[in-house]
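Residue numbering for the sequence shown follows the numbering used here, starting at 94 and increasing by one per position. Here's the structure, in structure tokens; my notes come after.
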Amino acid sequence: FQAEDGIRDVERSRGLGDVYKRQDLICEFYLEPNKITIEKAAAHVALESSIGTWTDIATMNKRIAKTLKPNVFYINKKKNIIKIAYNENLFEKGNMPEILSSIAGNIFGMSAVKNLRLIDISFPKSIIKSFKGPRFGIKGIRKITGIKNRPLTGTIVKPKLGLNEKEHAKVAYDAWTGGLDIVKDDENLTSMKFNRFNKRVIETLKMRDKAEKETGQVKIYMPNITAETNEMLKRAGFVKANGGRYVMIDILTTGWSALQTLRNADLGLVIHAHRAGHAAFTRNEKHGISMLTIAKVARLIGVDQLHIGAIVGKMTGTKSEVKDIGEDIEDNIIHEKGTHVLEQKWYNIKPTLAVCSGGLHPGGIPPLMKIMGNNIVMQFGGGCHGHPDGTKAGAIAIRQAVDSAIKKIPLKTYAKGHKELKRALDKFGIIS
Ligand code: CAP
Ligand code: MG
């Protein structure tokens, strides 16, 4: 749910409109109390995440309690769901680390709760407007790449580590000339002894230019700038200075502060967000922080592309969880069908493009496009370089599978006239 959509109207329709203000920030939690009532545990969560602590304090006064005390306005005992409304003045506008230190801080460790999961956040207008959001967003990316309707296709250079700069650039060249739009570094490739960042960027952009000339298509390279913040800005500047258009960053290991610094530097580079490490707190459905919440925070700060899961791939993340980034689970609030939360209308905040990746191969393309629509990036590591005939054939097979889905021709039938696809399906199979 978000400021501009359902939940606030639904709460109003349930006559709860007066229990929070349009200016409030609202959190939805899954809460299992520990040997106390859910009401008591909810009160502890509300206080610890705002102004209070475990006992009443002499330093508290009526003014603070009246203006800043949060309101637990919804408790669903059957489903262990609670909702808390927080006064917007509890938060520093434009400071995401502070906001999360409040509503996603100490509360997870309190002994008053057995399990606690932050399922969703609804940000008020004042906070939304205090962030930049994506510089390019979906429209900007489609303008840069010239790709109007179909999903963007890309590969991750594999093996993750071990190739030197020239070998890396050659793999990229094969993928691009095979028809893929994007080549990215893997999440753990930064600047290694055997593969230095600056040299890799130079070599790979050289191959990009060659592939663009030969194919007449726009080709994208996403170098991984993940590093200490100042070093990261230096590397982003190097990419820009050498003709790069994109950078990728591991948003959770670098942290929200570093991400804000990169976005606020406004270098005119498309920001691709990898979520390495997310499952440490998104996977447990009873405790931690949902991917939906992570996605909203990342969009607000300003990532143009974000990994959200692949449904038909190797990672956990069920169809409903990934699609939930499009639909509300609790209150059954449905946005426009087929619209991800990353694409919802949020005042000045542009939509972020969803990235599906992880164990994908041509046999999974039609079902994935059917579920997620065309406004996605599909990334293939093993699904490209694992092709029996190598990277270029793998790339060709991926584009052939996309074409078969767009033309609504079954993969098996389409493969009869497309040998690269046939070879891929023989190895990886078809996902129905
Ligand atoms: C995929 C990948 C990505 C994952 C991240 C990997 O490679 O490069 O990092 O997709 O997961 O290292 O596993 P394969 P998620 O295509 O070879 O699987 O997108 O779920 O964040
Ligand atoms: Mg990876």
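Beta carbons: idealized from backbone N, C-alpha and C, even for Gly.
Please confirm whether any heavy atom of the ligand CAP lies closer than 7 Å to the CB of residue i.
i, result
"E280", "yes"
"I499", "no"
"A391", "no"
"L453", "yes"
"H480", "no"
"K327", "no"
"F473", "yes"
"K520", "no"
"G272", "no"
"G361", "no"
"K443", "no"
"M408", "yes"
Comparing C-alpha positions only, which one of the options sits nearest to residue i?
i, options, result
"I144", "K162, P217, E132 and T152", "K162"
"V434", "S450, L453 and E414", "E414"
"A388", "Q398, G381, K379 and H380", "Q398"
"E305", "G272, E132 and V340", "G272"
"E121", "L385, P227, E185 and L352", "L385"
"A178", "Q116, E191 and N188", "Q116"
Under 7 Å: does the beta carbon of residue i sit that close to some heavy atom of the ligand GDP?
i, result
"T319", "This structure lacks the ligand GDP; the ligands present are the ligand CAP and the ligand MG."
For the ligand MG, is there any heavy atom lying closer than 7 Å to the beta carbon of residue i?
i, result
"I401", "no"
"I249", "yes"
Three-state secondary structure (DSSP) at residue i?
i, result
"R492", "helix"
"E420", "With a pLDDT of 43 at E420, under the threshold of 50, the predicted position of this residue should be treated as unreliable, though the coordinate-derived value follows. Reduced to three states, the DSSP call for E420 is strand."
"N169", "strand"
"H428", "With a pLDDT of 40 at H428, under the threshold of 50, the predicted position of this residue should be treated as unreliable, though the coordinate-derived value follows. DSSP places H428 in coil when its eight states are reduced to three."
"L518", "helix"
"D98", "The pLDDT assigned to D98 is 44, lower than 50, so where the model puts this residue is not dependable; a value taken from the coordinates is nonetheless given after this. Residue state, collapsed to three classes: coil."
"R301", "helix"
"K505", "helix"
"I523", "coil"
"M203", "coil"
"V340", "strand"
"M325", "helix"
"G510", "coil"
"R105", "For R105, the predicted model reports a pLDDT of 49, less than 50, meaning its position is unreliable; a value from the coordinates is still stated below. Correct three-state label for R105: helix."
"Q437", "coil"
Just checking my contact of residue i with residue j at CB under 8 Å: how many whole Å lie between their CB atoms?
i, j, result
"I313", "I364", "The Cβ separation is near 13 Å, so there is no contact."
"L254", "L282", "6 Å"
"K485", "D267", "4 Å"
"I488", "L514", "Residue identity differs from the one stated: residue 488 is Ala in this sequence, not Ile. With 8 Å as the limit, A488 and L514 do not qualify as a contact, their Cβ atoms being about 11 Å apart."
"L124", "I175", "5 Å"
>> Which runs of the beta strand (DSSP E) at least 3 residues long sit entirely within the segment 447-478? Give them in chain order.
In response: 469-473
> Could you give the uninterrupted runs of the alpha helix (DSSP H) lying entirely in the segment 241-297, keeping only those of 4 residues or more?
Replying inline: 258-270
> Which parts of the segment 109-188 are runs of the alpha helix (DSSP H), unbroken and 4 residues or longer, counting only runs that do not cross its ends?
Replying inline: 131-141 and 155-161
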